[in-house]
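For what it's worth, my numbering labels the leading residue of the sequence shown as 924, then goes sequentially.
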Amino acid sequence: MTATISAASGVTRWLRSGIAAICAVLLLAMMLLTMADVLGRYLMNAPVKGATELTELMLAAVIFIGLPAASLDRDHIYVDVLTARLSGWLQAVLETAVALVSSGILGVVAWRLWKIGDQIAGYGGTTPTLKLPLAPLAYGVAVLCGAAAVITLVQILGKRGHNG
């Protein structure tokens, strides 16, 4: 049992590190692209073609890549003004209910994002300047949102199996 928990925490640690590295690279690329665009625009009157589009796509990627990481770390925003005053078992029940609802909502959002990806793929949607296809981004963010839903659900089930 301890070996399984240790292996799972090793995989989780590896996954977090990978997600952090990907997000760091994307943020660095966004920063360098924005800097090049600003310098090109004001010093040489030649902005980087499609810089805004690329920045928007990278921002969406960073946000949705970070979503499973936030779920892994249970780093979502909590407001515990009232719940801190509840008894321990009631806090646990409420935490489980909120996690179930969160997992369900993330699942619905993932499903809708996938459907939007289908729509975009159907009409061949692209970015205006660089003509980059948008459907792969929609599918990617749908998968990442679905992963966050699954992670949240597994954490609930794991907690119940560990406590019960």
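Note that beta-carbon positions come from the ideal geometry of N, C-alpha and C, so glycine has one too.
Here the structure is a predicted model, which is why all the values come from computation and not from measurement.
What residues match up with residue i in a beta bridge as DSSP calls it?
{"i": "P1056", "result": "T1049"}
Between the alpha carbons of residue i and residue j, how many angstroms are there, rounded?
{"i": "L1080", "j": "R936", "result": "20 angstroms"}
{"i": "M954", "j": "S1010", "result": "47 angstroms"}
{"i": "I1089", "j": "G1045", "result": "The displayed coordinates of the chain run from 924 to 1087. Any statement about residue 1089 would go beyond what the structure contains."}
{"i": "L1076", "j": "T1019", "result": "10 angstroms"}
{"i": "G1063", "j": "C946", "result": "15 angstroms"}
{"i": "K1038", "j": "E979", "result": "21 angstroms"}
{"i": "T1052", "j": "L938", "result": "34 angstroms"}
{"i": "I1074", "j": "P991", "result": "7 angstroms"}
{"i": "D996", "j": "Y965", "result": "42 angstroms"}
{"i": "V961", "j": "P970", "result": "7 angstroms"}
{"i": "V1021", "j": "A1015", "result": "10 angstroms"}
{"i": "A943", "j": "S932", "result": "16 angstroms"}
{"i": "I1043", "j": "A1058", "result": "5 angstroms"}
{"i": "G1030", "j": "C1068", "result": "7 angstroms"}
{"i": "A1061", "j": "G941", "result": "21 angstroms"}
{"i": "L1055", "j": "G1047", "result": "10 angstroms"}
{"i": "Q1078", "j": "L1013", "result": "18 angstroms"}
{"i": "L1023", "j": "M958", "result": "42 angstroms"}
{"i": "L1017", "j": "L1005", "result": "11 angstroms"}
What are the boundary residues of the alpha helix (DSSP H) that includes residue i?
{"i": "V971", "result": "Here V971 belongs to no alpha helix (DSSP H), and DSSP marks it neither H nor E."}
To which residues of the same chain is residue i closer than 8 angstroms at the C-beta, ignoring the five residues directly before and after it?
{"i": "L949", "result": "M981, A984, V985 and I988"}
{"i": "G963", "result": "A969, P970 and V971"}
By Cβ distance below 7 angstroms, which residues in the same chain neighbour residue i in space, the five residues on each side in sequence not counted?
{"i": "A1065", "result": "A1033, L1036, W1037 and G1040"}
{"i": "M924", "result": "Here the model assigns M924 a pLDDT of 44, short of 50, so the residue's position is not dependable and the matter cannot be decided."}
{"i": "L900", "result": "In the structure as shown, the chain begins at 924 and stops at 1087. Residue 900 is therefore absent and cannot be evaluated."}
{"i": "V934", "result": "none"}
Let me check understanding here. Comparing Cα to Cα, which of the options lies closest to residue i?
{"i": "L956", "options": "G941, G973 and A943", "result": "G973"}
{"i": "T975", "options": "L1017, T1050 and G1069", "result": "T1050"}
Tell me which residues share the same chain as residue i and place their Cβ nearer than 6 angstroms to its Cβ, disregarding the 5 neighbours each side in the sequence.
{"i": "S1026", "result": "A1072, T1075 and L1076"}
{"i": "R1008", "result": "none"}
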